[in-house]
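Asker:
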Amino acid sequence: EGSSLPADSGHEGKGEIHLVHLYPREMSIYGDLGNTRCLAARIRRHGYVPVVHQHHPGQPFPEQAHLVVGGGGQDSGQSTVEDDLERIADRLRGLAADGAAMLMICGMYQLFGKAFVTVEGKTLPGLGIFDVTTRGNEQRMIGPVVLSTDHGDVVGYENHSGSTLLGAGQAPFGTVRHGQGNNGSDGTEGAVTAHVIGSYLHGPVLPANPRLADRLIGWAAEQATGRDFEPAQLDDEVARQAQTRQVRRLLG
Ligand code: GLN
Numbered sequence: 018e019g020s021s022l023p024a025d026s027g028h029e030g031k032g033e034i035h036l037v038h039l040y041p042r043e044m045s046i047y048g049d050l051g052n053t054r055c056l057a058a059r060i061r062r063h064g065y066v067p068v069v070h071q072h073h074p075g076q077p078f079p080e081q082a083h084l085v086v087g088g089g090g091q092d093s094g095q096s097t098v099e100d101d102l103e104r105i106a107d108r109l110r111g112l113a114a115d116g117a118a119m120l121m122i123c124g125m126y127q128l129f130g131k132a133f134v135t136v137e138g139k140t141l142p143g144l145g146i147f148d149v150t151t152r153g154n155e156q157r158m159i160g161p162v163v164l165s166t167d168h169g170d171v172v173g174y175e176n177h178s179g180s181t182l183l184g185a186g187q188a189p190f191g192t193v194r195h196g197q198g199n200n201g202s203d204g205t206e207g208a209v210t211a212h213v214i215g216s217y218l219h220g221p222v223l224p225a226n227p228r229l230a231d232r233l234i235g236w237a238a239e240q241a242t243g244r245d246f247e248p249a250q251l252d253d254e255v256a257r258q259a260q261t262r263q264v265r266r267l268l269g
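Heads up: the sequence shown is residues 18 to 269, going by UniProt numbering.
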């Protein structure tokens, strides 16, 4: 069921951007729903019309999708969505190959990789959009994170037992300056393939990092309209100050 956000104004702005939130019931912990709300609000402030679809297991996948987001969940939530994810796998892989923008956090990041082996030894096969493999551990990686990325400093919060290894050619999303990241040892965090970003960062991550939010929106706007992104000037002073405070507090 798609819920179109501002259907009242009667004009189309700079164009519609269709945003699909994957499994908001099963995979949306630690405030990840805030990413969807942030994207919808910023899309509107940039002068486009956000159309938000919630994709639940068993439902038809929305016909239009320019931006796809997924959040974190417990291992049990990941098992619940596994069959549906396999059903829509070709569509998601096709969208990714065509350049759609995607942000997959934590549990969904793991399922966009090749496989997630739980701490009990159960293997959940993934979509293989990222060349990464994840293994559950007894010890969790928990705490605040600061990354350097192509989109500037990114701040957030991690809480995962999965330890992720990147394949030889796989680009990470960022470099860890504080925190554990993919595995606590190689200094990488997340993964990026074309316009698909995977990351362990909750927070939710986008309201705290508006530059990253706008990069995703920009990619999606180009997909949706066939034209360059036409951003509006937004006031992000509050987020900028909060981000600077977190970086200073953690890095001195
Ligand atoms: N169950 C996964 C792990 O602990 C994902 C956790 C999460 O999404 N926060 O690694």
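Cβ atoms here follow ideal geometry from the backbone N, Cα and C, with glycine treated the same way.
Just so we're clear, the structure is a prediction, and the values are computed from it rather than from any experiment.
Which value, in whole angstroms, describes the spacing of the CA atoms of R104 and A237?
Answerer: Straight-line Cα distance between these residues: approximately 24 Å.
Asker: On the premise that G207 lies in contact with M158, defined as a C-beta separation below 8 Å, what is that separation, rounded to the nearest angstrom?
Answerer: That pair is no contact at about 13 Å.
Asker: Using a Cβ-Cβ cutoff of less than 6 Å, which residues in the same chain neighbour V37 once the five nearest sequence positions on both sides are dropped?
Answerer: Hits under 6 Å: H70, H72, P79, A82 and V85.
Asker: Could you please give the first and the last residue of the uninterrupted beta strand (DSSP E) stretch that includes M44?
Answerer: M44 -> no beta strand (DSSP E), and no H or E assigned at all.
Asker: Excluding the 5 residues preceding and the 5 following T166 in the sequence, name in chain order all residues of the same chain whose CB lies nearer than 7 Å to its CB.
Answerer: F190 and G191, listed in sequence order.
Asker: Provide the residue(s) that pair with Q258 in DSSP beta bridges, ordered along the chain.
Answerer: None, per the DSSP bridge assignment.
Asker: If you compare alpha carbons, which of M125, A113, A118 and Y65 is closest to P41?
Answerer: Of M125, A113, A118 and Y65, the residue nearest in Cα terms is M125.
Asker: What did DSSP end up calling R244 once you bin it into helix, strand or coil?
Answerer: Correct three-state label for R244: coil.
Asker: From A185 to R59, what distance separates their C-alpha atoms?
Answerer: Roughly 35 Å between the two C-alpha positions.
Asker: Regarding D231 and the ligand GLN, is the C-beta to nearest heavy atom distance less than 7 Å?
Answerer: Not under cutoff, so the answer is no.
Asker: Would you mind giving the Cβ-Cβ distance between Q127 and G143, rounded to the nearest angstrom? I have them listed as a contact below 8 Å.
Answerer: With a Cβ gap of about 7 Å, Q127 and G143 count as contacting.
Asker: Assess contact between the stretch 46–64 and the stretch 206–224, defined as three or more Cβ pairs (one per stretch) separated by less than 8 Å. Is contact present?
Answerer: A contact exists between the stretch 46–64 and the stretch 206–224.
Asker: DSSP state of D170, grouped into three classes?
Answerer: If DSSP states are grouped into helix, strand and coil, D170 belongs with the strands.
Asker: Let me know if S93 comes out buried or exposed under the rule of 16 or more other beta-carbons within 10 Å of its beta-carbon.
Answerer: S93 comes out exposed.
Asker: Where do the N-terminal and C-terminal ends of the alpha helix (DSSP H) with T97 fall, by residue?
Answerer: That run of the alpha helix (DSSP H) goes D92 to R104.
Asker: What are the partner residues of R152, as DSSP defines its beta bridges?
Answerer: Bridge partners of R152: V134 and S180.
Asker: What did DSSP end up calling E175 once you bin it into helix, strand or coil?
Answerer: The answer is strand: DSSP assigns E175 an E or B state.
Asker: Would you mind working out which of I146, T151, V149 and G90 sits nearest I122, comparing C-alpha positions?
Answerer: Of I146, T151, V149 and G90, the residue nearest in Cα terms is G90.
Asker: State the start and end residues of the unbroken alpha helix (DSSP H) segment that holds A57.
Answerer: Unbroken alpha helix (DSSP H) run through A57: L50 to R62.
Asker: Is it right to say D231 is buried, meaning 16 or more other beta carbons lie within 10 angstroms of its own, or is it exposed?
Answerer: Burial call: buried.
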